[in-house]
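Only one structure is covered here, and it is reproduced in the block below.
Numbering (the working numbering), first residue to last: 4 to 120.
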């Protein structure tokens with residue numbers, strides 16, 4: 004792979020697999036590119052809630068809006084410029100209020116491959 008720059012407009016946003024919430028993801032680098040991680044953007048509509056057990060290590064950078072991530076250990080609220088790390092195996096609930104949120108993410112390994120299993 005060569006050095007590349009991406010913008011939100013480069014991402015083809017599709018509904019996040021396996022859930023009914025208005026949450027969309029757009030991978031820019033993934034298993035199809037031969038890299039070791041998946042990199043992309045996520046868009047969360049206002050008033051959404053997603054509960055899942057993390058199948059990969061997921062690092063999420065909040066670009067716009069706010070969201071909360073709750074676990075059995077407590078809740079964190081994150082806004083623009085904040086980073087939330089969600090380790091593999093952790094049960095999380097991600098919620099948005101107000102205007103929703105735009106995030107960038109990096110997962111290891113590739114979340115699409117992990118989600119198949």
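Think of the CB as a built atom: it goes at the ideal place given N, C-alpha and C, for glycine as much as any other residue. Keep in mind the model is a prediction, meaning the values are calculated, not measured.
Range covered by the beta strand (DSSP E) that runs through residue i
i, result
"residue 69", "60-74"
"residue 104", "94-111"
"residue 35", "Element bounds for residue 35: n/a, residue is neither H nor E."
"residue 55", "52-56"
"residue 77", "77-81"
"residue 4", "That residue, residue 4, is in no beta strand (DSSP E); it is neither H nor E in DSSP."
"residue 89", "86-89"
Burial state of residue i (16 or more Cβ within 10 Å)
i, result
"residue 35", "exposed"
"residue 41", "buried"
"residue 14", "buried"
"residue 61", "buried"
"residue 59", "buried"
"residue 68", "buried"
Any non-hydrogen atom of the ligand GDP within 8 Å of residue i CB
i, result
"residue 73", "The ligand GDP is not part of the structure shown, which contains no ligands of any sort."
Nearest neighbour of residue i, chosen from the options [CA to CA]
i, options, result
"residue 25", "91, 104 and 39", "104"
"residue 64", "55, 88 and 48", "88"
"residue 70", "62, 83, 61 and 77", "83"
"residue 108", "66, 75 and 52", "66"
"residue 76", "17, 94, 113 and 18", "94"
"residue 9", "22, 112, 31 and 17", "31"
Short Cβ contact (9 Å threshold) for residue i with residue j
i, j, result
"residue 100", "residue 50", "yes"
"residue 72", "residue 56", "no"
"residue 43", "residue 28", "yes"
"residue 115", "residue 33", "yes"
"residue 52", "residue 98", "yes"
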